[in-house]
Amino acid sequence: MHKSKGQLGQVDVSEEKGIRSLHLGSITVQSSMKVSSPDELVLEYTRCMMGFLLFCPPPQRAVTIGLGGGSVVKWIHRYLPMTHNTVVEINPQIVQVARSMFFVPNDDEQLQILIDDGANYIAGRDEIADVILVDGYDGYEIVEQLNTEAFYQHCRDALTESGVLVVNLWGNHRLFDTWLQRIERVFEGHVACLPAQTKGNVAIFAFKRAQGNPKWVALRDRARNLEQQYGLEFPVFVSQLGKLNMHSDKRLLI
Numbered sequence: 094m095h096k097s098k099g100q101l102g103q104v105d106v107s108e109e110k111g112i113r114s115l116h117l118g119s120i121t122v123q124s125s126m127k128v129s130s131p132d133e134l135v136l137e138y139t140r141c142m143m144g145f146l147l148f149c150p151p152p153q154r155a156v157t158i159g160l161g162g163g164s165v166v167k168w169i170h171r172y173l174p175m176t177h178n179t180v181v182e183i184n185p186q187i188v189q190v191a192r193s194m195f196f197v198p199n200d201d202e203q204l205q206i207l208i209d210d211g212a213n214y215i216a217g218r219d220e221i222a223d224v225i226l227v228d229g230y231d232g233y234e235i236v237e238q239l240n241t242e243a244f245y246q247h248c249r250d251a252l253t254e255s256g257v258l259v260v261n262l263w264g265n266h267r268l269f270d271t272w273l274q275r276i277e278r279v280f281e282g283h284v285a286c287l288p289a290q291t292k293g294n295v296a297i298f299a300f301k302r303a304q305g306n307p308k309w310v311a312l313r314d315r316a317r318n319l320e321q322q323y324g325l326e327f328p329v330f331v332s333q334l335g336k337l338n339m340h341s342d343k344r345l346l347i
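Counting along the sequence shown from 1, when you hit position 151 you're at 244 in the numbering used here, and nothing is skipped either side.
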């Protein structure tokens, strides 16, 4: 449907069977949208990223690093109306395409989109967000400056005392364990991994303070309530949490 080339690379848009997708100079899908329901989270990993709500109330302040097609940004804008979301995107082409072809709304009292380097933006800021969401990929892999120990330390500093960092990682990448260990060191082990049922992406939740080893029964109860409220498969998320995390029969150990 669309091709554009700028200083930061190529931005392409395809559409098939009512699903519109964003690509960054490769066949890899960066973001997808159902044209008939633009605010729906089509890709499973984006729904998994919302799993942080199992542990935290809806945030007052969010920072999202990486806009893409704006799936997460649109969902937060619609379903978390009390959340102010500052979105940092380095490529102005992506912002233009997201707004013209993926129905990302204009800035308002809930949303502010900045054209800036996400790593530079977050460095040196203290306690500016209750949740930071990082989905920083180019057409081929995660952007290096958004996957360093120094970057994760800056994210930790930028979180409020009860805040959570959410990072989308490729679980089948050969360096996944190395990446995860960076986050675990910075967040003193207060980390949970939520793998998507479809093999590949893993949502990492890194908490600024310990979560007190929540009981499975409490997580399941909260998941049912969240599913009714938001329509996402939170009970499935709870079952998936048992796969990559330390746990006992009664508790998730984080």
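The beta-carbon is built from N, C-alpha and C at its ideal position, and this holds for glycine as well. Here the structure is a predicted model, which is why all the values come from computation and not from measurement.
Residue i versus residue j - alpha carbon distance
i       : j       : result
His-170 : Ala-216 : 25 Å
Lys-301 : Arg-344 : 19 Å
Val-180 : Ile-347 : 28 Å
Val-259 : Tyr-230 : 14 Å
Glu-137 : Ile-225 : 19 Å
Arg-249 : Phe-269 : 20 Å
Leu-207 : Glu-182 : 6 Å
Arg-313 : Pro-328 : 6 Å
Gln-186 : Pro-288 : 31 Å
Leu-239 : Ala-311 : 33 Å
Gly-256 : Tyr-214 : 18 Å
Asp-201 : Arg-275 : 35 Å
Collapsed DSSP secondary structure at residue i in the structure displayed
i       : result
Glu-109 : strand
Phe-298 : strand
Lys-308 : strand
Asn-184 : coil
Tyr-230 : strand
Met-142 : helix
Glu-237 : helix
Ser-255 : strand
Ile-169 : helix
Lys-336 : helix
Met-194 : helix
Val-122 : coil
Thr-291 : coil
The beta strand (DSSP E) enclosing residue i, as first and last residue numbers
i       : result
Leu-346 : Note, Leu-346: premise wrong, no beta strand (DSSP E); not H, not E.
Val-156 : 154-158
Ala-285 : 284-288
Glu-242 : Looking at the DSSP string, Glu-242 is not in any beta strand (DSSP E); the run it does join, the alpha helix (DSSP H), is 242-251.
Range of the contiguous alpha helix (DSSP H) that encloses residue i
i       : result
Asp-223 : That residue, Asp-223, is in no alpha helix (DSSP H); its beta strand (DSSP E) goes 222-227.
Status (buried if at least 16 other CB within 10 Å, exposed otherwise) for residue i
i       : result
Ala-155 : buried
Ile-120 : exposed
Lys-308 : exposed
Ser-292 : The sequence given here places Lys at residue 292; Ser does not occur at that position. Per the 10 Å Cβ criterion, exposed.
Pro-152 : buried
Whether residue i touches residue j by CB criterion (9 Å)
i       : j       : result
Arg-113 : Phe-195 : yes
Val-128 : Gly-162 : no
Leu-337 : Cys-286 : yes
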